[in-house]
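Each residue of the sequence shown is one higher than the last, beginning at 790 in my numbering. Note that beta-carbon positions come from the ideal geometry of N, C-alpha and C, so glycine has one too. Since the structure comes first, as structure tokens, the remarks are kept for the end.
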Amino acid sequence: MGDGAPDRRDPHALGIYLMRVTPTDINAAEPFQVEFKILNTGTAPIELPVSPHLSDLQPSDESVAFNYSSLALVVRGEAEPQGPPVGSIGFVELFGSPDHAESMMVLRPGEWIRVTANIKLLKGPSVPVSARFRGDFWLRRNTFHPHPGGQSIEVNNLYPNSTPTPFVAVHLLPPAASYLSK
């Protein structure tokens with residue numbers, strides 16, 4: 790995996806807004822719906838993947854390596870000020886490749902798109918807690934390498950600048966069984 794950090798001089802930037810989270814009382818074991826607004830907050834156009842299906846980008850010959858981009862739309866949960874610690878995260882990924890023009894979109898500065906997705910938290914609280922969600926993203930260039938008996942994926946993180954966006958208040962509930970057993 791290639792790694793690095795954003796460069797404040799880079800003219801590329803994104804703001805990931807959470808326009809709607811439904812419901813706002815979230816059981817950590819259940820998916821919930823999020824409407825994301827992806828805004829180009831930079832001063833240069835940015836090309837983003839927009840296909841929900843990686844399989845649409847695979848070559849017909851499954852033994853051939855292929856390149857693709859991925860954009861993870863992330864929901865990060867954190868504690869309310871003065872609240873107990875909260876560390877929750879969930880995401881959905883979009884995929885694209887220049888070989889499939891319909892899977893990529895260029896956003897010029899100030900342009901935006903909306904994406905609605907079902908998200909499930911990877912980790913939830915052990916007791917009910919008030920929290921707040923903020924949108925975030927990971928943008929990557931990937932190469933899928935099939936080989937006998939398996940595969941590997943070469944991942945290179947891209948670092949457009951991230952514009953902070955407002956929080957959305959939520960109430961996180963532990964998975965029903967663990968909460969009821971206490």
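Among the bridge pairs identified by DSSP, Met-894 is matched with Leu-837. Contact check for Pro-838 and Ser-892: beta-carbon distance about 6 Å, within the 8 Å limit, so the pair qualifies. In terms of CA proximity to Trp-901, Glu-836 leads the group Glu-836, Val-944, Asn-816 and Ala-818. Under the DSSP assignment, Ala-965 falls in the alpha helix (DSSP H) whose first and last residues are 965-969. The alpha-carbon of Glu-824 is positioned some 12 Å away from that of Val-957. The beta strand (DSSP E) runs of length 3 or more contained entirely in the segment 927-951 are, from start to end of the chain, 939-947. In the same chain as Leu-962, and ignoring 5 residues on each side of it, the C-beta atoms closer than 6 Å to its own belong to Asn-816 and Pro-917, in chain order. Close CB contacts of Arg-797 within its chain, under the 8 Å cut and outside five residues either way in sequence, are with Asn-950 (chain order).
Residue burial is scored here from C-beta neighbours: Arg-929 has at least 16 other C-beta atoms within 10 angstroms and is therefore classed as buried. Look at the segment 852-919 and you find these whole runs of beta strand (DSSP E), each 3 residues long or longer: 855-868, 877-885, 893-896 and 901-908. Taking 8 Å as the cut-off, the Cβ atoms of Phe-922 and Arg-865 count as close. C-alpha of Glu-869 to C-alpha of Val-875: approximately 8 Å in a straight line. Collapsing the DSSP output to three states places Asp-845 in a helix. Distance between Lys-912 and Pro-800, taken at the CA atoms: about 34 Å.
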